[in-house]
Amino acid sequence: MQALPQPIELQSLESVIDFSPLTVAPETPVLDAIALMAARGQSVLVGSASQVLGCFTEKNLVQLVASGVDLKTAKICEVMQTLSIALKVSEFQVLALPLSLLYQHQLDLLPVVDDQGQLVGKITSQSICRAMAQVTEGIPAVNTRQVITSGIPIGAEEVVPFADGLHTYLSVKFPLKNVNTITYAVNDIYTDITNQEFAEQELHHSEKYFRLVVENVKDYAIYMLDPGGRIMSWNSGAQCITGYQAAEIIEQNFSCFFPTEDIAHAIPNQQLEIAAANGRYEFEGIFVRKDGSHFWANCILTALRDETGKLLGFSKVTRDITERKLVEESLLRFHKAIESTSDAIAIADITGEDIYVNPAFIELFAYTLEELQTVGGAAVIFKHPHEYRTILNMLQRGESWRSEVTMQTRCGKSLQIYLRADAIKDATGKIVGTVNIYTDITQRKQVEEGLRLRDRAIAASRNGILIADVTIPGGPIIYVNPAFEQMTGYTATEVIGQNFRLLPGVDINQPELKYLSAAMQAGRDCTVTLRNYRKDGSLFWNELNISPVYDADGYLTHYIALQTDITERKQAETALLVSQQRLQYLLTSSPAVIYTCKTSGDFGAIFISENITAMMGYEAREFLADSSFWYSHIHPENQAQVSAELLDVLKKGEYNLEYRFLHQDGTYRWIYDQGKVVLDEAGHPLEFVGYWADITNRKQLEQELRVALETEKELNELKSRFISMTSHEFRTPLSTILSSSELLEHYSHKWTQEKQLTHLRRIQTAVTRMTEMLNDVLIIGKAEVGKLEYRPISFDLVEYCRQLVEEVELNLHNQRLISFSSEYKHMPCCMDDKLLAHILSNLLSNAIKYSLDNSTVQFTLTCQNGRAVFEIKDRGIGIPEEDQHRLFESFHRAKNVGTILGTGLGLSIVKKCVDIHQGQISVTSKLGLGTIFTVNLPLNN
Numbered sequence: 001m002q003a004l005p006q007p008i009e010l011q012s013l014e015s016v017i018d019f020s021p022l023t024v025a026p027e028t029p030v031l032d033a034i035a036l037m038a039a040r041g042q043s044v045l046v047g048s049a050s051q052v053l054g055c056f057t058e059k060n061l062v063q064l065v066a067s068g069v070d071l072k073t074a075k076i077c078e079v080m081q082t083l084s085i086a087l088k089v090s091e092f093q094v095l096a097l098p099l100s101l102l103y104q105h106q107l108d109l110l111p112v113v114d115d116q117g118q119l120v121g122k123i124t125s126q127s128i129c130r131a132m133a134q135v136t137e138g139i140p141a142v143n144t145r146q147v148i149t150s151g152i153p154i155g156a157e158e159v160v161p162f163a164d165g166l167h168t169y170l171s172v173k174f175p176l177k178n179v180n181t182i183t184y185a186v187n188d189i190y191t192d193i194t195n196q197e198f199a200e201q202e203l204h205h206s207e208k209y210f211r212l213v214v215e216n217v218k219d220y221a222i223y224m225l226d227p228g229g230r231i232m233s234w235n236s237g238a239q240c241i242t243g244y245q246a247a248e249i250i251e252q253n254f255s256c257f258f259p260t261e262d263i264a265h266a267i268p269n270q271q272l273e274i275a276a277a278n279g280r281y282e283f284e285g286i287f288v289r290k291d292g293s294h295f296w297a298n299c300i301l302t303a304l305r306d307e308t309g310k311l312l313g314f315s316k317v318t319r320d321i322t323e324r325k326l327v328e329e330s331l332l333r334f335h336k337a338i339e340s341t342s343d344a345i346a347i348a349d350i351t352g353e354d355i356y357v358n359p360a361f362i363e364l365f366a367y368t369l370e371e372l373q374t375v376g377g378a379a380v381i382f383k384h385p386h387e388y389r390t391i392l393n394m395l396q397r398g399e400s401w402r403s404e405v406t407m408q409t410r411c412g413k414s415l416q417i418y419l420r421a422d423a424i425k426d427a428t429g430k431i432v433g434t435v436n437i438y439t440d441i442t443q444r445k446q447v448e449e450g451l452r453l454r455d456r457a458i459a460a461s462r463n464g465i466l467i468a469d470v471t472i473p474g475g476p477i478i479y480v481n482p483a484f485e486q487m488t489g490y491t492a493t494e495v496i497g498q499n500f501r502l503l504p505g506v507d508i509n510q511p512e513l514k515y516l517s518a519a520m521q522a523g524r525d526c527t528v529t530l531r532n533y534r535k536d537g538s539l540f541w542n543e544l545n546i547s548p549v550y551d552a553d554g555y556l557t558h559y560i561a562l563q564t565d566i567t568e569r570k571q572a573e574t575a576l577l578v579s580q581q582r583l584q585y586l587l588t589s590s591p592a593v594i595y596t597c598k599t600s601g602d603f604g605a606i607f608i609s610e611n612i613t614a615m616m617g618y619e620a621r622e623f624l625a626d627s628s629f630w631y632s633h634i635h636p637e638n639q640a641q642v643s644a645e646l647l648d649v650l651k652k653g654e655y656n657l658e659y660r661f662l663h664q665d666g667t668y669r670w671i672y673d674q675g676k677v678v679l680d681e682a683g684h685p686l687e688f689v690g691y692w693a694d695i696t697n698r699k700q701l702e703q704e705l706r707v708a709l710e711t712e713k714e715l716n717e718l719k720s721r722f723i724s725m726t727s728h729e730f731r732t733p734l735s736t737i738l739s740s741s742e743l744l745e746h747y748s749h750k751w752t753q754e755k756q757l758t759h760l761r762r763i764q765t766a767v768t769r770m771t772e773m774l775n776d777v778l779i780i781g782k783a784e785v786g787k788l789e790y791r792p793i794s795f796d797l798v799e800y801c802r803q804l805v806e807e808v809e810l811n812l813h814n815q816r817l818i819s820f821s822s823e824y825k826h827m828p829c830c831m832d833d834k835l836l837a838h839i840l841s842n843l844l845s846n847a848i849k850y851s852l853d854n855s856t857v858q859f860t861l862t863c864q865n866g867r868a869v870f871e872i873k874d875r876g877i878g879i880p881e882e883d884q885h886r887l888f889e890s891f892h893r894a895k896n897v898g899t900i901l902g903t904g905l906g907l908s909i910v911k912k913c914v915d916i917h918q919g920q921i922s923v924t925s926k927l928g929l930g931t932i933f934t935v936n937l938p939l940n941n
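First residue of the sequence shown: 1, per the numbering used here; consecutive thereafter.
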């Protein structure tokens, strides 16, 4: 019997809806979407539960591969099929509606949403085929006789021709038996599977295309894992990355790609657990190839589940990122280099707005990036802002800048900077920013300026200057200044390469030449007066001073010679000698200088004897030529006294003065000046007449006598104070030593070892106390005679202070706390760490010694203008105001110390160590409230 196909009737229309559609975000990489499609065997929707943007099917994948799009970089939103229509569940009454929509709009799938637009599922031709189960009538009874004969059900596919084509049916025939188990009829059930067969063929072709795509992705390893992590599939990309053939790796656990230490820590299993729990796990790590080499990879592990949620396995997409990691490491090294370089570096965008500054920039200019952006950018560090605009314009044109500019720090300090500025370009050559490198050349410029001024001074000097290189045999002259050329008549070209024997000519028997040669051989300074001869043969007297120059290793390299033409002075000396011989008879009776001067105004000299030269170094004519010469050469401290005395001379008629007068050699000599007024017949004053006597030696003897008396007084006082201190301070430890030693001598055999040790420790403590006092005395002694050495080294001041605090607390065995604080993590400095230890340990020990029990000493370290500032604050007994001005005297102790032990040397040592560092120390104190000591030292001395 044959029947026509009947209309399709389903028990439930919802059976055609896939309620678990595969959905991905728009930004999902195409390769990730392909991996999910391979794992789930279905197309994907692109979007979210609230908004579906499009879909991506096997057909789209084939078209994508044919178009040549780069699968490694493409995102799913860029290649998806846009969907503009969806089916509402409330409108789905008949199966014809989705069929019509699929056909009318040529869709591969149809999204299904609820009334609020939320995604419910999807309908495809395959889902419709799976739901169809139409039973047909009139299909030929194939194998019916066999069922009747055997009594066994038979299932088979049967192809039946219809007007619209061949239909494929799944036929199931089973016997109907009576109570006697005799077959009396055959029941047939037919299911039309025509569309299902077609869908399976389409799916087979899609899977074939999909495998082709996956297989041809060489840069990604794409493979499947079973729930236990065994590898179930393998593509050519996986083979390229790992070196394993498919036959070698299939059925192996994917942990074989992990380093041994990761396997030991169960990392592979942990990753499977995370992916199973979260659905997806992305990570980066180091993996092992077949040949044992390591590589960096980015991995995406995706859990695959069926419609019921059962875990089917995992898909894993692996991308080799070794090259990227090498680039990242290179960038990291580059970043560290920028961070650690001593040059200041700033990077800005194309508009000039800074986007990065390195630590050296912050240290140099005292601006952080945020502070620099707040005040208007890099223009503020230029002394002349128009230079910044000029440089920026050049960089925006793609040009570079190399020059020296004047810049300024946040506090206004000027800096000389060598600036290197370049444009930053991308791969296309487009300018995207700028990089500026600032090298601080301030110190170098100062040195260069100093050298320039020195060279200018040498060139402009009226003295002849020449330099000889003694590292070259013969010690040739390598430089002469213009004054030398003018003085000798020789040009620099004629002199360079010659030696010092050029100028004496044939007059080589001068004793001074031997003295000069010996000094040069010994490498010492020397000053001689020589008869030298100019190029034209004329004689001139040359006062020659030579000074050796040594290199950093202490080797003699050069000699610098300064020569002065003293011919006129020699002539003057000869003339003076003649004059002195003429006046010898007059002056032999007295060493005094005889003079007459005016009685008013500047008291200018009218006459002065020639022996003034012998006394003061000046010639008599100098006094006569300048009427203010005498008064202007009186010591400034004595001028007022002399003026006051002379104003009363006209009343008294005579005067006796003692004052200091400037000698020609720059020193002051004490003068005894006695004179009287000379009157005319009418009693009017005509002039003062008087004499000078040099009483410098007498004054020096008087001063030395006063100093000796004062020194003796101080020594006697120090001796008394030292004896008082030692007798008091040494008595206690000596008593302790004596008592403990006697007790040990007589009772040690009766005591326990612990008690013996107690007395031994008392002896040791007393000895230590005496040693410290003796050390203090020795340090004071060295400081007094100037033998306290200063040896600076470089170290971190913050770490030094922390260690010192620990040592002080440990040595004092004290329960009081020292609270150290500093806003700086590091503070590089160059100081004498031993002298600094004397300063800080004495101040900290005093703060603890004179504080109450359980009180805290505050110790802070800050930095101001390149100087370290230490502040030590206690809440102790304080210092009386009348004692504060004598705090730093040796052996002095405040009157309120009571029975607290001390030598009175600690603060004296502190003051001398601070002075050696060229620092300052100050103190503020209130009785009963505490004391604050503030020490200010240069960071780099």
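Ideal placement from N, C-alpha and C gives every residue a C-beta, glycine not left out.
Residue i (DSSP reduced to helix, strand or coil)
i	result
Arg524	coil
Tyr747	helix
Thr992	Any question about residue 992 goes unanswered here, given that the chain covers just 1 to 941.
Pro111	strand
Ile932	strand
Thr442	helix
Ala592	coil
Trp234	coil
His386	helix
Gln753	helix
Gly309	coil
Ser627	coil
One or two residues paired with residue i in a DSSP bridge
i	result
Ser547	Ile560
Lys316	Tyr223, Leu301
Glu687	Val678
Residue i vs residue j beta-carbon contact at 8 Å
i	j	result
Cys801	Leu939	no
Asn298	Glu284	yes
Phe688	Cys597	yes
Ile391	Trp401	yes
Leu861	Val798	yes
Tyr655	Gly683	no
Ser50	Gly121	no
Gly47	Pro21	no
Tyr659	Ala592	no
Ile916	Leu835	yes
Ile458	Asn481	yes
Own chain partners of residue i with C-beta closer than 6 Å, once the 5 adjacent residues on each side are dropped
i	result
Thr409	Phe365, Ala366
Lys873	Gln858, Ile932
His663	Met616, Gly617, Arg669
Phe232	Checking the sequence, you will find Met at residue 232 rather than Phe. Excluding positions up to five away in sequence, the list reads Met224, Asp226.
His204	Confidence is the limiting factor: at His204 the pLDDT is only 49, short of 50, which leaves the residue's position unreliable and the question unanswerable from this model.
Gly505	Tyr533
Contacts around residue i, its chain only, beta-carbon distance under 7 Å, and the 5 residues preceding and following it disregarded
i	result
Glu387	Val405
Ser741	Ile763
Ile85	Leu101, His105
Ala35	Ile222, Thr302, Ser315, Val317
Anticipated Cβ contact below 8 Å, residue i with residue j, distance rounded
i	j	result
Val288	Phe258	7 Å
Leu556	Leu544	Between Leu544 and Leu556 the Cβ distance is about 18 Å, and since that is not below 8 Å, they are no contact.
Ile612	Ala620	6 Å
Own chain partners of residue i with C-beta closer than 8 Å, once the 5 adjacent residues on each side are dropped
i	result
Ile566	Thr529, Trp541, Asn542, Glu543
Gln321	Looking at the sequence itself, residue 321 is Ile, so the reference to Gln does not match. Closer than 8 Å at Cβ, skipping near neighbours: Glu284, Trp296, Ala297, Asn298.
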